[in-house]
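Notes follow the structure.
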Amino acid sequence: MTKEEYLFNPSWASSLSYWRTCNYKMPDNMKDVREDEFSEELLLEFNDEPYFKLTHDLQVVDDYEIPSNYEFINCSSEDYSKHIRSCYPDEFISVEDLEEYKKGPLYDGDLWLCLYDKEREEILATGIAELDPDIKEGYLDWIQVSKAYRRRGLGRVIVLELLRRLHKKADFATVSGRVKNDSKPEVLYEACGFKDKVIWHILTKK
Numbered sequence: 006m007t008k009e010e011y012l013f014n015p016s017w018a019s020s021l022s023y024w025r026t027c028n029y030k031m032p033d034n035m036k037d038v039r040e041d042e043f044s045e046e047l048l049l050e051f052n053d054e055p056y057f058k059l060t061h062d063l064q065v066v067d068d069y070e071i072p073s074n075y076e077f078i079n080c081s082s083e084d085y086s087k088h089i090r091s092c093y094p095d096e097f098i099s100v101e102d103l104e105e106y107k108k109g110p111l112y113d114g115d116l117w118l119c120l121y122d123k124e125r126e127e128i129l130a131t132g133i134a135e136l137d138p139d140i141k142e143g144y145l146d147w148i149q150v151s152k153a154y155r156r157r158g159l160g161r162v163i164v165l166e167l168l169r170r171l172h173k174k175a176d177f178a179t180v181s182g183r184v185k186n187d188s189k190p191e192v193l194y195e196a197c198g199f200k201d202k203v204i205w206h207i208l209t210k211k
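All residue numbers for the sequence shown refer to the numbering used here, where the first residue is 6 and numbers rise by one.
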């Protein structure tokens, strides 16, 4: 795939970001199939996990407000690892994984967010985005809100703050996630201005 092909419609061109498309080799027992090429007959041979992919042009990013006792702070890889694990019991990313991540070509410390309550002295929400400086694509990777603070708009705060920061660095942003998710994350992303939703079927051989 060329850059031009990807840039024409990032959601349609690949299930992954451009950098991951070029650098990630899918296992031999897996493949991704776009919704227009998907057939129910594939389910005879494969298990299906549908994902959505969305794109934001970063032209307009909505404002948000937070209470005066909330602030964005710097926190450690250990803090991020613990918070992600507390939000997603079935997900795990180690401190070592995050430290390695920081050494990679997509790392930008300005795109690692930790929203903190100064009065309660606790982390409310975190977010991690990547930046591909070659193609100027931002990719929202990890977005999570502490269980006790969900349904208060904090996920929106994290997404909008990441988009605000990416606006200065990137030409567009993408995000993807599981369709079969009770929290319906695509609704949050679409409310924050993401568009061009495409469903990709991630197929694993039975």
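Just so you know, even glycine gets a beta-carbon here, dropped at the ideal spot from N, CA and C.
Nothing here was measured: the structure is a model prediction, and the numbers come from that model.
Residue environment, residue i, which counts as buried when at least 16 other CB atoms sit within 10 Å
{"i": "residue 128", "result": "buried"}
{"i": "residue 93", "result": "exposed"}
{"i": "residue 135", "result": "buried"}
{"i": "residue 153", "result": "exposed"}
{"i": "residue 22", "result": "buried"}
{"i": "residue 188", "result": "exposed"}
{"i": "residue 110", "result": "exposed"}
{"i": "residue 73", "result": "exposed"}
Rounded separation between residue i and residue j - CA only
{"i": "residue 167", "j": "residue 199", "result": "13 Å"}
{"i": "residue 79", "j": "residue 119", "result": "7 Å"}
{"i": "residue 184", "j": "residue 49", "result": "21 Å"}
{"i": "residue 31", "j": "residue 177", "result": "25 Å"}
{"i": "residue 25", "j": "residue 209", "result": "19 Å"}
{"i": "residue 29", "j": "residue 162", "result": "30 Å"}
{"i": "residue 86", "j": "residue 144", "result": "19 Å"}
{"i": "residue 52", "j": "residue 139", "result": "35 Å"}
{"i": "residue 164", "j": "residue 14", "result": "21 Å"}
{"i": "residue 88", "j": "residue 27", "result": "30 Å"}
{"i": "residue 117", "j": "residue 105", "result": "14 Å"}
{"i": "residue 98", "j": "residue 41", "result": "33 Å"}
{"i": "residue 20", "j": "residue 35", "result": "13 Å"}
{"i": "residue 125", "j": "residue 182", "result": "31 Å"}
Residue j beta carbon less than 7 Å from that of residue i
{"i": "residue 37", "j": "residue 207", "result": "yes"}
{"i": "residue 130", "j": "residue 150", "result": "yes"}
{"i": "residue 180", "j": "residue 47", "result": "no"}
{"i": "residue 122", "j": "residue 133", "result": "no"}
{"i": "residue 169", "j": "residue 66", "result": "yes"}
{"i": "residue 12", "j": "residue 172", "result": "no"}
Which full runs of the alpha helix (DSSP H) of 4+ residues lie inside the region 118-190, going along the chain? 159-172
Which ranges would you report for the alpha helix (DSSP H) in the region 31-108 if only whole runs of at least 4 residues count? 82-92, 100-107
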